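In the UniProt record's numbering, the protein residues as written are 1 to 118. In this text, a Cβ means the ideal position worked out from N, Cα and C, and glycines have one as well. Since we're looking at a predicted model, the values are computed, not measured.
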């Protein structure tokens, strides 16, 4: 039941945020934004490499591999950022609740393993 309530609240928050997302998320972010594709970053990088080679421009390219930070982030920092962006206490408490109660279960060979917190 908690999972169902979480999904409903998360969906409501998501729908309410959609109109202001362009103001909150930079144009350059291509992942996890409706209408944008995660592969865009890789495609742009390939195009840059192709263009540099075609124009015979001396260049250095650096690829940085960032770790997933979801399990390393300090949620108090996220709360401070949301506050600085003008989100009220009620919104922030809903988001904190969603983040702190989210859990996941994995299906292995047709059997669901015990849910774990994210």
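Exercise. Whose C-alpha, out of 114, 10 and 62, is nearest the C-alpha of residue 104?
Worked result: It is 114 whose Cα lies nearest to the Cα of residue 104.
For this session: Could you name the residues that DSSP lists as bridge partners for residue 117?
Result: The beta-bridge partner set that DSSP reports for residue 117 consists of 103.
Exercise. To the nearest angstrom, how far is it from the Cα of residue 60 to the Cα of residue 32?
Worked result: Roughly 29 Å separates the two Cα atoms.
Exercise. Which word fits residue 57, buried or exposed, when buried means at least 16 other C-beta atoms lie within 10 angstroms of its C-beta?
Worked result: Exposed is the call here.
Exercise. Taking just the CA atoms, how far does residue 49 sit from residue 79?
Worked result: A direct Cα-to-Cα measurement between residue 79 and residue 49 gives close to 39 Å.
For this session: Kindly list the residues whose CB is nearer than 7 Å to the CB of residue 97, restricted to its own chain and excluding five residues on each side of it in sequence; keep chain order.
Result: Taken in chain order, the list of residues that qualify is empty.
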